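In what follows, a single structure is set out as structure tokens and then discussed.
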Amino acid sequence: MGEDLRSQLEKLYPQHVTALRPKPAKHQPYCFATIQESYARFCQEISGKDYTDQRGQTVSILEENFPKLLNLKLTCTGKRAKASKVLALLRAGTFDPSLYSYERDRLATLFWVPEVICEPDAIHTNAHSAIQGDEVYVKLYDKEGAPFKLVFMAETYAGRRVVTTSFLTTPNRLSKFLRLPPVWEKNKE
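When we follow this note's numbering, the leftmost residue of the sequence shown carries the number 1, and every step to the right adds one.
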């Protein structure tokens with residue numbers, strides 16, 4: 001872990017910096033595909049599948065969360081895109097990307113989500129009131145800028161744990177999303 005990053009983390013979380021691995025994980029390749037191509041890959045590789053975290057809990061990734069995972073919004077209004085409409089267009093192959101905006105880093109790191117679930121550095125209670133989910137899985141990667149990949153989980157009414165959203169963040173913003181202490185830490189196994 002770079003000295004600058006470690007010192008920032010020690011200032012934010014002096015008692016919990018040990019929860020982070022001494023060296024960031026090597027990140028997977030970035031996804032540079034279109035939204036339509038990424039959707040097809042998402043459905044083929046990770047949607048509808050269950051993943052087991054380090055505590056033995058099962059976490060599912062659902063197709064209906066694809067628009068939310070990209071933070072897809074209507075360009076004309078800035079409002080969140082309706083998942084059912086977007087999914088119908090993607091399934092039909094008629095999705096028009098010029099009508100929507102999205103966060104490129106979310107798409108670029110979308111396929112990292114299963115690794116964050118299965119091999120997190122820590123799991124925390126969600127501290128952000130506007131983001132759906134009760135827990136946040138955190139993994140530190142070897143990348144510049146925003147090296148932390150966060151994956152938020154929520155329990156459905158049927159008791160199933162599902163991914164609600166995921167994005168990258170910086171050490172300075174980490175405290176907005178995580179409650180301390182962690183509910184699970186890699187070093188505390």
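Beta carbons are placed, not taken as given, at the ideal position from N, Cα and C, and that holds for glycine.
None of the values given here were measured: they were computed from a predicted structure.
Determine the extent of the beta strand (DSSP E) in which residue i is found, giving its start and end residues.
i    : result
E103 : From DSSP, E103 is part of no beta strand (DSSP E); its letter is neither H nor E.
A122 : A122 to N126
R161 : R161 to T169
F148 : F148 to E155
Is residue i helix, strand or coil when you go by DSSP?
i    : result
N187 : helix
P67  : helix
R179 : strand
K85  : helix
I61  : strand
R80  : strand
Beta-carbon within less than 8 Å of residue i's beta-carbon, same chain only, minus the 5 sequence neighbours each way: which residues are those?
i    : result
L62  : S47, G48, V162 and V163
T156 : V162
Any idea if residue i is buried or exposed, counting beta-carbon neighbours within 10 angstroms, 16 or more meaning buried?
i    : result
E185 : buried
S129 : exposed
N126 : buried
Does the distance from the CB of residue i to the CB of residue j come in under 8 Å?
i    : j    : result
F148 : T165 : no
K68  : A83  : yes
Can you give me the Cβ contacts of residue i inside the same chain, cut-off strictly under 7 Å, excluding the 5 residues immediately before and after it?
i    : result
L90  : Q36 and Y39
K143 : H27
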